[in-house]
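If you count the sequence shown from 1, position 270 lands on 940 in our numbering, and the numbers rise without skipping.
So the structure is just underneath, and the comments pick up after that.
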Amino acid sequence: MIAVSRLRDWVLLLVCNLIWASQFVLVKVVQEQTGPVFATFFPMTLATLLLIPIVRRERLRRAAANESSPLRARDIFEFILIGVFGQVAAQLCITWGVRLSLASNGALLMLALPVSTAVMAYFLLGERMTPVRWLSFALAIAGVIECSGIDWKELNLTGSKFLVGNLLIFLSVNGSAFYNAYSKKLLGRFSPLQVLLYSYYAVFAFMLPIALYTEPEGFRNLPRFRVTVWVGLLLLALFQYFLSMVIFLNVLTRLDATQASLSNYLIPFFGLLIAAAVLGERLTKFMLLGGGLVLASTLLITVYEERQRARTNSRTPA
Numbered sequence: 671m672i673a674v675s676r677l678r679d680w681v682l683l684l685v686c687n688l689i690w691a692s693q694f695v696l697v698k699v700v701q702e703q704t705g706p707v708f709a710t711f712f713p714m715t716l717a718t719l720l721l722i723p724i725v726r727r728e729r730l731r732r733a734a735a736n737e738s739s740p741l742r743a744r745d746i747f748e749f750i751l752i753g754v755f756g757q758v759a760a761q762l763c764i765t766w767g768v769r770l771s772l773a774s775n776g777a778l779l780m781l782a783l784p785v786s787t788a789v790m791a792y793f794l795l796g797e798r799m800t801p802v803r804w805l806s807f808a809l810a811i812a813g814v815i816e817c818s819g820i821d822w823k824e825l826n827l828t829g830s831k832f833l834v835g836n837l838l839i840f841l842s843v844n845g846s847a848f849y850n851a852y853s854k855k856l857l858g859r860f861s862p863l864q865v866l867l868y869s870y871y872a873v874f875a876f877m878l879p880i881a882l883y884t885e886p887e888g889f890r891n892l893p894r895f896r897v898t899v900w901v902g903l904l905l906l907a908l909f910q911y912f913l914s915m916v917i918f919l920n921v922l923t924r925l926d927a928t929q930a931s932l933s934n935y936l937i938p939f940f941g942l943l944i945a946a947a948v949l950g951e952r953l954t955k956f957m958l959l960g961g962g963l964v965l966a967s968t969l970l971i972t973v974y975e976e977r978q979r980a981r982t983n984s985r986t987p988a
């Protein structure tokens, strides 16, 4: 039964990362008429509006069943913390960082995301690295390097010209890692929908003045957006910032943050598949081999590790 449950979680993680991989194509469509800040802020605001009535109904249901947790001052502070230092840092820093750095620098630095999550999970949640997890990380890193298309000749992480961009990308990676790990802590008292909505409140309050100051034309041009731009904004709101995050946080209630974060290595592979389907780019056998290694690593750390843990627990005397 545990293996079936973990296999379901593995499939859900595949769905999440497939959605996240599509972000690059959708953002490119949206930014034909908007700037990067507005392209992030507006769909996240739409996702927030979508969440409000759903969370309200859930809160009423939980209150009727005496399952609701009161929102304390410390909780509000923690939601601001993951909203600003998690979501905002991840979204804004990657938007600006990629513009100031090289694509190969960004691809290599993004490999640090699951590792950063594992480090934060160790300090914030007390999670430990097992031999299976180390093996999964090694397979995933080998696979993503194989299929990510990093140009090693172009790579430049220390040059002063790209230093600011590289630092911003690294901050973005750690913002995502912080959100993943700290959300796990909050999921002990709040539902995934509540964690997402309350952190989005902080994102909205922080990003609204930034969007109004840096890209006011985005708001003025709303009536003149093309249909394709509106479709991109709505898809980002519904799938990128709503559905995928709800699925991921639900899985996070059952898996360790380290286990769930390793699936992020699927994003480059799924990005290649989407590019091949939408843009007609060619897939090579090395890319497919790399994708297979990443899929195997996520299966190993979710399904196999949980099965081994269950066997160990069953052999332990009561």
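Here a beta-carbon is modelled for each residue, glycine too, at the ideal position from N, C-alpha and C.
Residue closest to residue i, alpha-carbon to alpha-carbon, out of the options
| i | options | result |
| --- | --- | --- |
| TYR870 | GLY705, ARG803, ALA760, TRP680 | ALA760 |
| ALA927 | LEU682, GLY753, GLU737, ALA788 | ALA788 |
| PRO886 | ASP679, VAL707, VAL685 | VAL707 |
| PHE749 | TYR792, LYS855, GLU702 | LYS855 |
| GLU728 | LEU863, ALA717, PRO879, GLY902 | LEU863 |
| LEU925 | GLY753, ASN850, PRO893 | ASN850 |
| MET780 | ALA735, ILE722, PHE840 | PHE840 |
| ARG743 | LEU751, GLU737, LEU922 | A small correction: the amino acid at residue 743 is Ala; Arg does not occupy that position in the sequence shown. Of LEU751, GLU737, LEU922, the residue nearest in Cα terms is LEU751. |
Proximity below 8 angstroms, CB of residue i to CB of residue j
| i | j | result |
| --- | --- | --- |
| ILE689 | GLN929 | no |
| VAL897 | VAL700 | no |
| VAL843 | SER853 | no |
| PHE860 | SER739 | yes |
| THR718 | LEU867 | yes |
| PHE848 | MET790 | yes |
| LEU783 | SER933 | no |
| GLY993 | VAL873 | A query on residue 993 cannot be resolved here, the shown segment of the chain reaching from 671 to 988 and no further. |
| LEU857 | LEU770 | no |
| ASN891 | GLN703 | yes |
| GLY767 | GLY845 | no |
| ILE944 | VAL695 | yes |
Nearest-angstrom Cα separation, counted from residue j out to residue i
| i | j | result |
| --- | --- | --- |
| LEU936 | PHE895 | 32 angstroms |
| TRP687 | VAL697 | The identity of residue 687 in the sequence shown is Asn, whereas the question assumes Trp. Distance between the alpha carbons of ASN687 and VAL697 is about 16 angstroms. |
| TRP804 | ALA812 | 12 angstroms |
| PHE918 | ALA691 | 14 angstroms |
| ALA988 | PHE912 | With a pLDDT of 47 at ALA988, under the threshold of 50, the modelled position of that residue is not reliable, and the figure given next carries that caveat. Roughly 42 angstroms between the two C-alpha positions. |
| GLN693 | LEU682 | 17 angstroms |
| LEU882 | PHE889 | 8 angstroms |
| GLY756 | LEU720 | 21 angstroms |
| ILE880 | CYS763 | 13 angstroms |
| ARG731 | LEU741 | 16 angstroms |
| TRP680 | MET799 | 19 angstroms |
| THR884 | LYS955 | 44 angstroms |
| LEU794 | SER786 | 12 angstroms |
| PHE940 | PRO893 | 33 angstroms |
| PRO723 | ALA733 | 15 angstroms |
| ALA735 | LEU922 | 23 angstroms |
| LYS737 | VAL758 | Looking at the sequence itself, residue 737 is Glu, so the reference to Lys does not match. Distance between the alpha carbons of GLU737 and VAL758 is about 30 angstroms. |
| ARG726 | PHE747 | 21 angstroms |
| PRO801 | LEU959 | 23 angstroms |
| TYR792 | ASP745 | 21 angstroms |
| VAL901 | GLU797 | 40 angstroms |
| LEU716 | LEU833 | 34 angstroms |
| PHE878 | ALA947 | The question names Phe, but residue 878 is Leu in the sequence shown. Going by the C-alpha atoms only, they are around 35 angstroms apart. |
Rounded Cβ spacing between residue i and residue j (contact assumed at less than 8 angstroms)
| i | j | result |
| --- | --- | --- |
| SER806 | SER675 | Not quite, the Cβ-Cβ distance comes to about 19 angstroms (not below 8 angstroms), so this is no contact. |
| LEU963 | LEU809 | 5 angstroms |
Next on the checklist: Tell me whether the stretch 906-922 and the stretch 705-715 touch, counting them as touching only if at least three CB pairs, one residue from each stretch, are closer than 8 angstroms.
Outcome noted: Touching, yes, given that three or more Cβ pairs across the two stretches are closer than 8 angstroms.
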